[in-house]
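What follows is one structure encoded as structure tokens, with my remarks underneath.
Numbering (the numbering used here), first residue to last: 43 to 730.
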């Protein structure tokens, strides 16, 4: 059960339960909106069928109940649209417009259609319109900042209906007649107050109640605050509040009713609660949890949650329906809170509060990722070193937190780079967010969010002329393109990253870009260019004495030559890789290199050599305790022995592989030894 019958902008609910979630008033507006659905438009009057969906506009100031009216209207007409209702919010509480790309992606997700990661705005809009071409849907676009946002999301079919909510007219969209909201009628306003104060206080002094409604001008958000203030003071008469509002200071005479009521409520808050409330204007996406409030105000998490609940009870915040405690700053109060913060806090204090909040977010993201790495002693040690309040009890709890806080976390990333400095804190936040998403969601599933994060960095780097940061962002975006099948796009980004890395004189970025270009060419089947670019990256590594990385690149060159059918070159490079791994003491990599050498020898038509190399690889895999590699090598030995005409030895190797993979229990503990002996006998006989 929600707290209040009128929900201005989806954000102004008070915390005191009412008897039922009822919609109050707005009878005339609802009637006009229903009639507007059937109203003949200019196209219809001219004998043509409307080319696009009809748009109904509900216009009103923040806090006027415009969103609640839109939701009630949608509820009443939803049965006319059998393919369902879609919703998108087009502005954040602070007034920042939501990118059309993000809104289009969310709408595609609501339709159950995957949105291509990294797709341009035009492609997403086209995909969404195509998906709804044969559907009869109702689209609610809340808090539209302008006509461009709405126009880009309009269905290209007259059988759909769009209900847009905005502060003013949407100039530029034809045939739209706005339904403009004023205050509630007196009867509905009194019912709203009754839901907070109870009926007795209203009925014993109806004139004072009507005077209070008059002072609030029927403004729903102002009435909510007034009702919350009275509910917190059960012994105060309604007339007392009405007199206070009518007799306010002269400077408040020109202020709106919401501003006057808000200031009265705010001025009577305890100092710590008032400070926390005004600092919540910094909460990313207008969403706060106890950790956010704790970091902003510099208090404990428990104290922050208590204060947040008290603010909800006064109608100053809205408790979000969520498995975790989460609160929304009403959009209509955001400018008032921001003005208070700027007037009552020094700029340095606001900057410090913001830094504390982002630092807390970084540490929570670290904890969120670390809980998935408990197999690592270093990760366990780092996790145990964190304060208990920052730890998650298990990976599931961490994943839930990441999912629920996702909008606020992505907004935190935007906030962190908003000043364009890309300082240490901003970089740490971006890094930890990327790692947490990859750990819990997976790179492919999180690709749309990761694209947004890396594009933020790229935009700042290009605006401020930061080539090193530009190279890093392009490399990350290229990796996302490569992982989501957009290989040619990835190649373009990798080449741009190479140019940026050279401009920054950054050897790591340069070498990484060269290798990535080679990987893209290999994925495209151009193995000659792949080997060439891997060779350039190898030269960079050798020049810096990075032997383990050089060994890995020898292997990549060997793979490219193998695909191209140049087995001699492939063997030479894989043997160089093997020598590098052995020098560095990497047993597992040495086993894998021997395995690849055996594969190339087999491709080259040298089965006897492949057999000997494969047996050596098995021994190295045993030393590395890599059971899966051992099993794969046993199967390769079995295939080779079959081709060489020794099915009995092949069966022994297959049985050993099945035992290692757990496909069937071993019947004889001597089986691996018999397989090895059989291989040795076959090799010896071939040498004879």
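All C-beta atoms in this analysis are idealised placements derived from N, C-alpha and C, irrespective of residue type, glycine included.
Given a cut-off of 8 Å on the beta-carbon distance, is the pair residue i and residue j in contact?
i           : j           : result
residue 468 : residue 479 : no
residue 604 : residue 612 : yes
residue 101 : residue 220 : yes
residue 133 : residue 261 : no
residue 690 : residue 684 : no
residue 618 : residue 596 : yes
residue 602 : residue 573 : yes
residue 202 : residue 170 : no
residue 116 : residue 180 : yes
residue 642 : residue 665 : no
residue 365 : residue 244 : no
residue 496 : residue 414 : no
residue 349 : residue 335 : yes
residue 95  : residue 128 : no
residue 270 : residue 375 : no
I need the DSSP call for residue i, collapsed to helix, strand or coil.
i           : result
residue 435 : coil
residue 626 : helix
residue 276 : coil
residue 139 : strand
residue 106 : coil
residue 183 : strand
residue 88  : In this predicted model, residue 88 has a pLDDT of only 45, less than 50, meaning its place in the structure is not dependable enough to derive any value.
residue 464 : coil
residue 418 : coil
residue 295 : At residue 295, the pLDDT of 48 sits below 50, so the modelled position is not reliable; the number obtained from the coordinates is stated separately. The answer is coil: DSSP assigns residue 295 none of H, G, I, E or B.
residue 709 : Note that residue 709 has pLDDT 43, beneath the 50 cutoff, so the model's placement of it is unreliable and the number below is only indicative. Coil.
residue 487 : coil
residue 311 : coil
residue 566 : coil
residue 128 : strand
residue 459 : coil
residue 212 : coil
residue 166 : helix
residue 508 : coil
residue 96  : strand
residue 111 : helix
residue 203 : strand
residue 533 : helix
residue 22  : This structure does not reach residue 22, given that the chain is present from 43 up to 730, and the question cannot be answered.
residue 546 : coil
Could you work out which residue in the options is closest to residue i when comparing CA atoms only?
i           : options            : result
residue 486 : 112, 127, 159      : 159
residue 66  : 205, 229, 130      : 229
residue 165 : 700, 586, 182, 144 : 144
residue 430 : 686, 445, 271, 410 : 410
residue 194 : 207, 571, 142      : 142
residue 652 : 116, 205, 609      : 609
residue 266 : 551, 635, 532, 354 : 354
residue 359 : 94, 513, 332, 381  : 332
residue 149 : 176, 136, 182, 120 : 182
residue 526 : 636, 484, 632      : 484
residue 577 : 246, 565, 396, 553 : 553
residue 704 : 688, 674, 682, 686 : 674
residue 309 : 378, 466, 249      : 378
residue 667 : 147, 634, 433      : 634
residue 240 : 259, 215, 278      : 278
residue 699 : 660, 524, 556      : 660
residue 395 : 321, 505, 351      : 321
residue 586 : 575, 550, 600      : 550
residue 382 : 637, 432, 324, 529 : 324
residue 625 : 590, 598, 307      : 590
residue 510 : 532, 400, 544      : 544
Discussion item. Taking contact to mean 3 or more Cβ pairs, one atom from each stretch, closer than 8 Å, check whether the region 254-264 and the region 232-242 are in contact.
Written reply: yes
Worksheet item: Going along the chain, which unbroken runs of the beta strand (DSSP E) with 3 or more residues stay wholly within the region 215-273?
Response: 220-222
Fill in: In chain order, each alpha helix (DSSP H) run of at least 4 residues that lies wholly inside the region 338-413
343-355, 376-386, 389-412
Practice prompt. Answer yes if the region 406-414 comes into contact with the region 340-347, meaning at least three C-beta pairs across the two stretches below 8 Å, and no otherwise.
Written response: no
Discussion item. As an exercise, report each continuous alpha helix (DSSP H) stretch of at least 4 residues that is fully enclosed by the region 579-647, in chain order.
Written reply: 589-606, 609-626, 629-645
Fill in: Contiguous beta strand (DSSP E) assignments of at least 3 residues, all confined to the region 674-701
none
Worksheet item: Are the region 68-76 and the region 110-125 touching by the rule of at least three beta carbon pairs closer than 8 Å?
Response: yes
Discussion item. Could you check whether the region 437-444 touches the region 417-428, counting it as contact only if at least three pairs of C-beta atoms, one from each stretch, sit closer than 8 Å?
Written reply: no
Fill in: the region 443-458 / the region 381-391 touching (three or more Cβ pairs under 8 Å)
no
Worksheet item: Do the region 377-386 and the region 316-327 make contact, defined as three or more Cβ pairs closer than 8 Å?
Response: yes
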